[in-house]
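One structure is given here, and the rest of the page talks about it.
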Amino acid sequence: MTAIRFTDTGSGHALTFSYDPDVVGIVKALPSNRRKYNPDGKQWMVHPEVVQGLVDALTAHGHTVTGLDAQEVPTGGVDPRLTQAVALLRDVIADMDAEDAAHKNLRAMLGAEPVDEDQPDF
0 MTAIRFTDTG SGHALTFSYD PDVVGIVKAL PSNRRKYNPD GKQWMVHPEV
50 VQGLVDALTA HGHTVTGLDA QEVPTGGVDP RLTQAVALLR DVIADMDAED
100 AAHKNLRAML GAEPVDEDQP DF
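Take 0 as the starting number for the sequence shown in numbering that gives the first Met the number 0 and just add one per residue.
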């Protein structure tokens, strides 16, 4: 797995790592207004509000995070259900056999009503 270094920039964090499409996909799953790629420095810049969720997602995928102290990771900005939902969606994409269980878990977690597939959408 990949080691991701977080560097505090004052207005957020810069992420540096060896190219890994899984890591890039996790970063790109962040809201577009909370991430920005710097091609000159080959770094991703992320807003402080998404750091905890990003760290959770990266470590859940087996990646190593360095450069952050526990005090640097904000805890109030990300709903843990969002992190769990992202992980479930990634499981669905990665393993279509898990689609039914992941779909049911996601709907239950988000409190969504079950869809009656016999009813038309209109």
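Beta carbons: idealized from backbone N, C-alpha and C, even for Gly.
In whole angstroms, what is the alpha-carbon distance linking glycine 160 and lysine 27? This structure cannot speak to residue 160, because the chain is shown only from 0 to 121.
Apart from the five residues just before and just after isoleucine 122, which ones in its own chain have a Cβ nearer than 8 angstroms to its Cβ? The displayed coordinates of the chain run from 0 to 121. Any statement about residue 122 would go beyond what the structure contains.
Kindly give me the distance between the Cβ atoms of leucine 29 and leucine 53, rounded to whole angstroms, as I take these residues to be in contact under 8 angstroms. Residue numbering aside, residue 29 sits at position 30 when the sequence shown is read from its first letter. Residue numbering aside, residue 53 sits at position 54 when the sequence shown is read from its first letter. Indeed, because the Cβ distance is near 7 angstroms, the residues count as touching under 8 angstroms.
Can you tell me which of the three DSSP states tyrosine 18 falls into? Taking the first residue of the sequence shown as 1, we reach residue 18 at position 19. Correct three-state label for tyrosine 18: coil.
Which whole-angstrom value describes the C-beta separation of arginine 34 and valine 45, a residue pair presumed to lie in contact below a C-beta threshold of 8 angstroms? Position 35 of the sequence shown, counted from the start, is the residue given in the question as residue 34. Position 46 of the sequence shown, counted from the start, is the residue given in the question as residue 45. Between valine 45 and arginine 34 the Cβ distance is about 5 angstroms, and since that is below 8 angstroms, they are a contact.
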